[in-house]
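Engineer: Residues in the sequence shown are numbered from 541 upward in steps of one, following the working numbering.
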Amino acid sequence: MKNTTLLLVSIIILFIIGGIFFVKTGNGNKNSNTLTGNVVVNGGGGGNVVNGGGGGSGGGIGKATGEEVQKVVLGMKNYNYYPSEVKVKAGTPVSISLEDSVFGCLRALSIRELGVGKYLRTASDTLDFLPTQKGVFKISCTMGMGYGKLIVE
541 MKNTTLLLVS
551 IIILFIIGGI
561 FFVKTGNGNK
571 NSNTLTGNVV
581 VNGGGGGNVV
591 NGGGGGSGGG
601 IGKATGEEVQ
611 KVVLGMKNYN
621 YYPSEVKVKA
631 GTPVSISLED
641 SVFGCLRALS
651 IRELGVGKYL
661 RTASDTLDFL
671 PTQKGVFKIS
681 CTMGMGYGKL
691 IVE
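This is the structure:
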């Protein structure tokens, strides 16, 4: 009787721990972190990607080139940038800002492979740059802790 009870309690605890892990890791859907919104690009293109104006708080990048600025707003989930993947177009200015939910070293945003980085103190601060080369680039804090991907197409 004691062995059966011990086995039953062990199985219940195992299910509880597994359920907590499943919920914390995003229900097992690895594609749920791909950006489908919050980006302003030329020409639309389906999904939640919208056509929007340039300039704004992007430091005048859109006005200088006559192109629209791709605006990206990143949040934080499980101590990483969210969404974990952001797609932008090469040759079009990008302006990245952080939601108020982002805290700690993740506010010091860096894309080392592109040579850009900035401490974004508030939600209105932006990191503005022009991606010229295509590829996949790692987004992280300057300490290399929180992660995300910038996909330049």
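Every residue, glycine too, gets a C-beta built ideally from N, C-alpha and C.
#1: Since LEU638 contacts ALA663 with CB under 8 Å, what's their CB separation in whole angstroms?
#2: Would you tell me roughly how many angstroms separate the C-alpha atoms of SER650 and ILE557, rounded to the nearest one?
#3: By a C-beta neighbour count over all protein chains shown, 10 Å radius and 16 as the cutoff for buried, is GLN673 buried or exposed?
#4: Can you tell me the Cα-Cα spacing of PHE677 and ARG661, whole angstroms?
#5: State buried or exposed for GLY583, treating a residue as buried only when at least 16 other CB atoms are found within 10 Å of its CB.
#6: Enumerate in chain order the residues of its own chain whose CB-to-CB distance from PHE643 is below 8 Å, with the five nearest sequence positions on each side excluded.
#7: Is it buried or exposed, ILE679, if we count other Cβ atoms within 10 angstroms and call 16 or more buried?
#8: Compare the Cα-Cα distances from VAL692 to each of LEU670, MET683 and LEU614 and report the closest residue.
#9: Where does THR545 sit, in a helix, a strand or coil, going by DSSP?
#10: Got a sec? Which residues, its chain only, sit under 6 Å from TYR687 by beta carbon, not counting five neighbours each side?
#11: Going by other Cβ atoms of all chains shown within 10 Å of its Cβ, with 16 needed for buried, is LYS611 buried or exposed?
#12: Run through DSSP, which three-state label would GLY631 get?
Structural biologist: In this structure, then:
#1: 6 Å
#2: 35 Å
#3: exposed
#4: 23 Å
#5: Note on GLY583: pLDDT 33, under 50, position unreliable in the model; no value is reported.
#6: MET616
#7: buried
#8: LEU670
#9: helix
#10: ASN620 and SER680
#11: buried
#12: coil
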